[in-house]
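Visitor: Sharing a structure here in structure tokens format.
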Amino acid sequence: MSPIPWQTPEEAGFVKASVLLPMVLDVLERDRAAVVRAELKLPEIYGELIDSLQKAVMEELSQARQGLRQHGMKIYKERRTVLGIEASYLCRGYHYEFSMLWGLVKAEILQRIRGYLSVSSGGFSEVNDAKEGDGS
Numbered sequence: 309m310s311p312i313p314w315q316t317p318e319e320a321g322f323v324k325a326s327v328l329l330p331m332v333l334d335v336l337e338r339d340r341a342a343v344v345r346a347e348l349k350l351p352e353i354y355g356e357l358i359d360s361l362q363k364a365v366m367e368e369l370s371q372a373r374q375g376l377r378q379h380g381m382k383i384y385k386e387r388r389t390v391l392g393i394e395a396s397y398l399c400r401g402y403h404y405e406f407s408m409l410w411g412l413v414k415a416e417i418l419q420r421i422r423g424y425l426s427v428s429s430g431g432f433s434e435v436n437d438a439k440e441g442d443g444s
């Protein structure tokens with residue numbers, strides 16, 4: 309009888325995404341409320357941007373949850389602690405734990421939102437590419 313393999317990196321990624329992406333949605337919803345309160349000249353543009361970000365996050369979250377189901381995985385407990393987030397889950401009948409410190413959670417959320425926007429830490433990649441092409 310062959311031993312049951314450990315969880316794969318792909319399966320760990322499903323758990324990470326399933327825990328973090330709802331937090332990304334929370335951040336975007338708070339930002340939407342801030343845009344409404346800010347009385348901007350063009351709030352519709354920012355609202356549409358947040359809508360498109362939320363749609364992209366929901367699609368990725370749906371894929372992560374589908375991956376969990378296809379691999380027979382189940383997250384049965386999620387906790388937010390003083391130090392960070394923790395999740396307990398089953399994978400092929402074995403119990404696993406996932407945890408991230410708040411600093412890493414924030415960095416991961418920023419990275420994911422930048423990815424949806426195709427923004428590097430230096431600014432919009434399309435703007436930077438256009439400037440390089442103009443010779444300016």
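Residue numbers for the sequence shown follow the numbering used here, so the first one is 309 and each next one is one higher. For glycine and all other residues, C-beta sits at the position ideal for the given N, C-alpha and C.
For Glu318, which residues in the same chain have their Cβ closer than 7 angstroms to its Cβ, ignoring the five residues on either side in sequence?
Guide: Within the same chain, Glu318 has no close Cβ partners at all.
Visitor: What residue from Gly401, Ala346 and Ile358 has the CA that sits closest to Val335's CA?
Guide: Of Gly401, Ala346 and Ile358, the residue nearest in Cα terms is Ile358.
Visitor: Roughly how many angstroms lie between the CA atoms of Ile353 and Cys399, to the nearest whole one?
Guide: Spanning the two alpha carbons is a distance of roughly 42 angstroms.
Visitor: List the DSSP bridge partners of Ala395.
Guide: Per DSSP, Glu386 and Phe406.
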